[in-house]
Amino acid sequence: MPTPEMLSVPTGTNLYSFGALFPILAVLLGALSSTLLGFWVSRRTLTYMNLGWLVISAAWMMGLWNQGRQAFTHTIRLPDGQSLITASLQADNPALLLGLVIIVGSVMTLLVSLDTAWRARISFPEFDAMLMYAITGGLLMAFSGDLIVMLIGLEIMSLSGYVLATLQDSRRAEEAGLKYFLLGAVGSAILIYGIAFVYGATGSLNYAEISLRVASVDGLQPQNVGILVGGALLVLAGFAFKIALVPFHQWTPDVYSGAPTSVSLFLSTVVKVAVFAGMLRVFSGALADAPGWASTLQILTAATLIIGNTAALLQANFKRMLAYSAVAHTGFLAMALLGTPATGGAALTYYLLVYTLMTAAALAIVAALQRTEAGMEVSDLRGLYYRHPGYAVALAICLASLAGLPPFAGFFGKYLAFQAAFQNGYVWLSVLAAVTSVAALIYYLRPGMLMFMPDRTPAREYANGQRPPTTLAVGLGVAGVTLLGILPNLWYGWLGNPAIWQLLAGR
Amino acid sequence: MTREFISLLPTFMIFLPMLGSLLLLVTPKRWRDEVAGFLAVLTLGIGFMIWRAGGSGLLSVNWVPALGITYSTELSGVSLALAMVTAFMSFIAVLYAARRIPNPGTMLALILAMETGLLGIFAARDLVLFYVFFEDALLPSLLMLAIYGKAGRMQALVKFAAYTLFGSLLMLVSIIGIKYLGGSPTFALADLRANVVPAGPTQTWLYVAFLAAMAVKLPLWPLHAWLPDFHEQNHDSGIPDVMGTLYKVGGYGIFIFGITLFPDASLELRPVLMGLAAFTALYAAWIAFHQTDWKRLLAYAGLSHMGFVALGVFSLNETAVIGAMYLLAFQNLYTGALFLAVGMLQERIGSVHTRVGGAMTQAGALGGLTLALWLASIAVPGMAGFIGEFSILLGAYQVFPWLAFIAGLTTIAAAAYALTAFQHSFWQARPPGGVVVRDLVHTEWLILGLPLAVAILFGVYSAPALNLMQPAVKAVLAALGSN
Chain X
43 MPTPEMLSVP
53 TGTNLYSFGA
63 LFPILAVLLG
73 ALSSTLLGFW
83 VSRRTLTYMN
93 LGWLVISAAW
103 MMGLWNQGRQ
113 AFTHTIRLPD
123 GQSLITASLQ
133 ADNPALLLGL
143 VIIVGSVMTL
153 LVSLDTAWRA
163 RISFPEFDAM
173 LMYAITGGLL
183 MAFSGDLIVM
193 LIGLEIMSLS
203 GYVLATLQDS
213 RRAEEAGLKY
223 FLLGAVGSAI
233 LIYGIAFVYG
243 ATGSLNYAEI
253 SLRVASVDGL
263 QPQNVGILVG
273 GALLVLAGFA
283 FKIALVPFHQ
293 WTPDVYSGAP
303 TSVSLFLSTV
313 VKVAVFAGML
323 RVFSGALADA
333 PGWASTLQIL
343 TAATLIIGNT
353 AALLQANFKR
363 MLAYSAVAHT
373 GFLAMALLGT
383 PATGGAALTY
393 YLLVYTLMTA
403 AALAIVAALQ
413 RTEAGMEVSD
423 LRGLYYRHPG
433 YAVALAICLA
443 SLAGLPPFAG
453 FFGKYLAFQA
463 AFQNGYVWLS
473 VLAAVTSVAA
483 LIYYLRPGML
493 MFMPDRTPAR
503 EYANGQRPPT
513 TLAVGLGVAG
523 VTLLGILPNL
533 WYGWLGNPAI
543 WQLLAGR
Chain S
6 MTREFISLLP
16 TFMIFLPMLG
26 SLLLLVTPKR
36 WRDEVAGFLA
46 VLTLGIGFMI
56 WRAGGSGLLS
66 VNWVPALGIT
76 YSTELSGVSL
86 ALAMVTAFMS
96 FIAVLYAARR
106 IPNPGTMLAL
116 ILAMETGLLG
126 IFAARDLVLF
136 YVFFEDALLP
146 SLLMLAIYGK
156 AGRMQALVKF
166 AAYTLFGSLL
176 MLVSIIGIKY
186 LGGSPTFALA
196 DLRANVVPAG
206 PTQTWLYVAF
216 LAAMAVKLPL
226 WPLHAWLPDF
236 HEQNHDSGIP
246 DVMGTLYKVG
256 GYGIFIFGIT
266 LFPDASLELR
276 PVLMGLAAFT
286 ALYAAWIAFH
296 QTDWKRLLAY
306 AGLSHMGFVA
316 LGVFSLNETA
326 VIGAMYLLAF
336 QNLYTGALFL
346 AVGMLQERIG
356 SVHTRVGGAM
366 TQAGALGGLT
376 LALWLASIAV
386 PGMAGFIGEF
396 SILLGAYQVF
406 PWLAFIAGLT
416 TIAAAAYALT
426 AFQHSFWQAR
436 PPGGVVVRDL
446 VHTEWLILGL
456 PLAVAILFGV
466 YSAPALNLMQ
476 PAVKAVLAAL
486 GSN
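Just so you know, the sequences run in chain order X and S.
If you read the first sequence in the working numbering, its first letter stands for residue 43, the second for the next number, and so on.
If you read the second sequence in the working numbering, its first letter stands for residue 6, the second for the next number, and so on.
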């Protein structure tokens, strides 16, 4: 058993590398300034400022591309005499790509909130502050180099998420928030317990070190394998709560439909992307060679695909249907985790961006057109094309993309996920995913087609829904989904290099 | 024209209609018909240019290099023939839609968008590209049904989409498997053919998954249930149906990808598939006989033809495959025109019921042209359908005589259902108090006459089409080795 080095003093030249930290600090600055300035300036001003911080953060991330910056590094001696530099925070290429996806989702959330926050009675500076704290946490997860930083990121994000879900002064929102908090806390507890197990088995919290010990026989004592498997499964269960894998998904429909729509948008895109980023780091990086978790994830994925898709089929409320569709998409996203790190990481990151664009745009339209925060019934969409042609066409494109129809990017997302799982030997899971996609198609098709059916009854939408910022967010989503569908290489060209995905564990 | 330029022509031909479709969104209302018609003619014109040049040659550029997906297109042989018929019938559909549908902008845009998908299917020489176009053609047809359909369209829509996607998603898994298990560097057809998955259960399963998509689109019993509802619920004018009949790309897909990529599996499954095809042909003809709705009748008639096509393709016999491709290409002409004729009848008497009676007395030209098209449909010698059906039976007989005999009975059944329905609609006594039936006017003559003329032309003088198809079929069957 190697000596635990957690409490030893970090050493290294780029200890507090400002460059690697800045994208996170920029968002944190936005959060802090929203907290303080909220007393003096209007919320709209704060939102514009925060949009600025997000853009700066994204630009900085692009600047960091291929530099492989790290912060809080630490050198350890290996038994064979060589040394390994580990980092608690790493701005490597996977982190930057996932961070950019988080920023895209966040920008769309902020744009939508400019229009709908007032109507949803959540137009306080605190809303912006919480949102920015949550994004900070999400970025921390994507950039994490050890389990503690990941956990801190997850907790910052989750706690802000609980507040966001409850912020609206309504019984539904309170119920949603409470449910989210209670189940989220259980998830966190399980996750922390799992992290303790992993630490117990490997003697380290750092991804690179864990991965080294898991892969080498003499690093991991045989009697520790059981503990490692237990730890990996507990960590998996903890994550499964947060991304809503069946059977840990029960909170999702209630929370997504109970929370204000702009919050649902945030929770179903940014939060999910961040947790998947954490999972990618942990399972395709640190624990990639650990036994047990993949077969369990396979079963969870299969259950998610079946239950998520069939449950969505039965929903009459459009917002609730989108919530179940988010559960179903979790299944497709998790399939990518079953691939090898090289194919799976690329597939997951491509899919996450596309998923963010299409889900955020669809929910943005719901947020703009709904009369109450309960969303709209699927039948209310009848004839939407003749009342709001632009939004109807945009929503149709989003739904087609969610269903995985080419030429929209959802198709390539699905294709990559299928391919990653298939090539790693999960053939039956790929076939199951194909079959359940048919159910998915039907529930996306129904609202998609109802919109184009002529209708003479009076409109059931909020009359003044179409506003420039929401339209901009929708346009961003639709343009992204179309462009990435026709020219997938725009994004996949960055992801496709298998070498960058070998770095997931940071070694 | 240089070779490079000619190899670019299919790309122009594919995307010109889509461009037109987008152009219609910004075109002032009064010019929409002309713009759509002009682009449809232009597309057909490019087809003629490719034909003059004797096929386009292969164009292949990387699309997603990291995944081995290429943009490979080629229009020659069978695919050129099918593409030209598609372009021709799209033009006919545009012509009719412009006159028949009030404010036809949306419909014209959808026709052109669908034409892009269909031409893409025939031109694609990369499996993923093929899949993309295969699904692309779905969206406009769903929108046509949603916007212009009848009361029960939602159910028809869901049924249609569920069947289609069930098949295509299995095909997608199969596509991934073909490349990965065969070890091909790209999805381009040439590469895949050079790296076929070794014979055995794996290849058979992949073929079954691939067939699932093709059998739905073809359609083959028992995956045909979406077809009658789809046609029945579509707009009365028959325009969506014309595009729908062009939708039968399953036979082509099996021909170009199925036989070459799964040579052993297609030999192994030949008896089962031919049996299914022969049964489909006869069963559909039998059901068609009992229909009282013209559109359902035509749907089942189309199903019966497609059973013939499948029989020909699955038999893997040169004569039969050529016949199948011939039938596949020209069946679109007369079935499409018949759907439009039904639309014209409906416009005049307000019903698509087959028992209206006596329409012939007042609308002689409509009746006459309809009858002529029906004769083409039931494969009367001298029409294009005859050459197709006869070749299929001739070829299939050399493989499984009994199955050819069973399928051959269909020709009798076809005459029975077509002539009975025609007799009820056009010849029986006019019901008292019936509205006055106007005869063909203006472009309607062209809309029914042009497809008929082409069907007769290629029924009498088949050499140009056969010369186009024969080398392509030979090349594909050569992949099977000594057969």
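C-beta atoms are modelled at their ideal positions from N, C-alpha and C, and glycine is treated no differently.
What residues from chain X crowd round residue i, counting only those whose CB sits closer than 8 Å?
i	result
residue 166/S	483, 484, 487
residue 140/S	447, 448, 453
residue 185/S	461, 464, 465
residue 181/S	457, 460, 461, 464, 465, 472
residue 137/S	448, 449, 453
What does residue i touch in chain S if you count any residue whose Cβ is under 8 Å from its own?
i	result
residue 60/X	Residues of chain S passing the Cβ test: none, with the nearest at roughly 33 Å.
residue 534/X	69, 71, 72
Residue i versus chain S: which residues are under 7 Å apart at the beta carbon?
i	result
residue 457/X	177
residue 530/X	69
Give me the chain S residues within the contact set of residue i, using Cβ-Cβ distance strictly less than 9 Å, ordered along the chain.
i	result
residue 495/X	151, 152, 154, 158, 159
residue 183/X	None at all; the shortest Cβ gap to chain S is about 26 Å.
Along chain X, which residues have their Cβ under 9 Å away from the Cβ of residue i?
i	result
residue 115/S	Within 9 Å Cβ-Cβ: nothing; residue 115/S doesn't reach chain X, min ~10 Å.
residue 171/S	476, 477, 479, 480, 483
residue 205/S	By Cβ distance, chain X contributes nothing, its closest Cβ being about 15 Å from residue 205/S, past 9 Å.
residue 372/S	Correct list: empty, because the minimum Cβ distance to chain X is about 33 Å.
What span of residues does the beta strand (DSSP E) with residue i cover, start to end?
i	result
residue 412/X	That residue, residue 412/X, is in no beta strand (DSSP E); it is neither H nor E in DSSP.
residue 129/X	125 to 133
Output the boundary residues of the alpha helix (DSSP H) element that contains residue i.
i	result
residue 108/X	Run containing residue 108/X: none; DSSP gives neither H nor E here.
residue 67/S	Here residue 67/S belongs to no alpha helix (DSSP H); instead the beta strand (DSSP E) covers 64 to 69.
residue 430/S	That residue, residue 430/S, is in no alpha helix (DSSP H); it is neither H nor E in DSSP.
residue 76/S	Run containing residue 76/S: none in the alpha helix (DSSP H); it sits in the beta strand (DSSP E), 74 to 78.
residue 234/S	231 to 238
residue 82/X	Per DSSP, residue 82/X belongs to no alpha helix (DSSP H) and is neither H nor E.
residue 474/S	468 to 483
residue 237/X	213 to 244
residue 472/X	469 to 492
residue 284/X	267 to 285
residue 126/S	110 to 128
residue 373/S	369 to 382
What in chain X is Cβ-close to residue i, meaning under 7 Å?
i	result
residue 99/S	Within 7 Å Cβ-Cβ: nothing; residue 99/S doesn't reach chain X, min ~20 Å.
residue 481/S	Within 7 Å Cβ-Cβ: nothing; residue 481/S doesn't reach chain X, min ~26 Å.
residue 225/S	Ordered by position in chain X, no residue passes the 7 Å Cβ test against residue 225/S, which lies about 18 Å from the chain.
(Q) Any contact between the region 310 to 329 of chain S and the region 468 to 487 of chain S? By contact I mean 3 or more CB pairs, one from each, below 8 Å. (A) Contact between the region 310 to 329 of chain S and the region 468 to 487 of chain S is present, because at least three Cβ pairs lie under 8 Å.
Q: Please specify which runs of the alpha helix (DSSP H), each continuous and at least 4 residues long, are wholly inside the region 270 to 310 of chain S, giving them in chain order.
A: Runs of the alpha helix (DSSP H) inside the region 270 to 310 of chain S: 275 to 294.
Q: Check each residue of the region 412 to 445 of chain X: if its Cβ is closer than 7 Å to any Cβ of chain S, include it; give the result in chain order.
A: 442
Q) Which runs of the alpha helix (DSSP H) fall wholly inside the region 308 to 391 of chain X and span at least 4 residues, in chain order? A) 314 to 321, 335 to 355, 360 to 379
**Q.** Three or more C-beta pairs below 8 Å linking the region 411 to 431 of chain S and the region 60 to 76 of chain S
**A.** no
Q) What residues from the region 47 to 78 of chain S come within 9 Å of chain X, judged by C-beta to C-beta, listed N to C? A) 67, 68, 69, 70, 71, 72, 74
Q: Anything in the region 499 to 520 of chain X with a Cβ closer than 8 Å to a Cβ of chain S? List those residues in chain order, please.
A: none
Q: Would you list, in chain order, the members of the region 256 to 280 of chain S that have their beta-carbon closer than 8 Å to a beta-carbon of chain X?
A: none
**Q.** chain X contacts from the region 18 to 50 of chain S (Cβ-Cβ distance under 9 Å)
**A.** none
(Q) Can you confirm whether the region 284 to 301 of chain X touches the region 242 to 262 of chain X when touching is taken to mean that 3 or more C-beta pairs between the two stretches lie within less than 8 Å? (A) no
Q. Can at least three beta-carbon pairs, one atom from the region 246 to 260 of chain S and one from the region 214 to 228 of chain S, be found at a separation below 8 Å?
A. yes
Q: Would you list, in chain order, the members of the region 351 to 379 of chain X that have their beta-carbon closer than 8 Å to a beta-carbon of chain S?
A: Within the region 351 to 379 of chain X, no residue qualifies.
Q | chain X contacts from the region 302 to 319 of chain S (Cβ-Cβ distance under 7 Å) | A | none
Q) Are at least three pairs of beta-carbons, each pair with one atom in the region 278 to 288 of chain S and one in the region 406 to 415 of chain S, less than 8 Å apart? A) Three or more beta-carbon pairs separated by less than 8 Å link the region 278 to 288 of chain S to the region 406 to 415 of chain S, which places the two stretches in contact.
Q: Please confirm if the region 295 to 309 of chain S is in contact with the region 265 to 278 of chain S, defined as three or more CB-CB distances below 8 Å between the two stretches.
A: By the C-beta criterion, the region 295 to 309 of chain S is judged not to be in contact with the region 265 to 278 of chain S, since fewer than 3 inter-stretch pairs fall below 8 Å.
Q | contact_flag[the region 163 to 183 of chain S, the region 231 to 247 of chain S] where n(CB pairs < 8 Å) is 3 or more | A | yes
Q. Is there contact between the region 330 to 347 of chain X and the region 193 to 211 of chain X, where contact requires at least three CB pairs shorter than 8 Å?
A. With the rule of 3 Cβ pairs closer than 8 Å, the region 330 to 347 of chain X does not count as touching the region 193 to 211 of chain X.
Q) Looking at C-beta atoms only, is the number of pairs between the region 392 to 408 of chain X and the region 517 to 529 of chain X that lie closer than 8 Å three or more? A) yes
Q. Between the region 234 to 253 of chain S and the region 344 to 358 of chain S, do three or more beta carbon pairs fall short of 8 Å?
A. Contact check between the region 234 to 253 of chain S and the region 344 to 358 of chain S: three or more CB pairs, one atom from each, fall below 8 Å, which counts as touching.
Q.
Does the region 313 to 328 of chain X come into contact with the region 171 to 181 of chain X, if we say contact requires no fewer than three beta-carbon pairs (one atom in each stretch) closer than 8 Å?
A. yes
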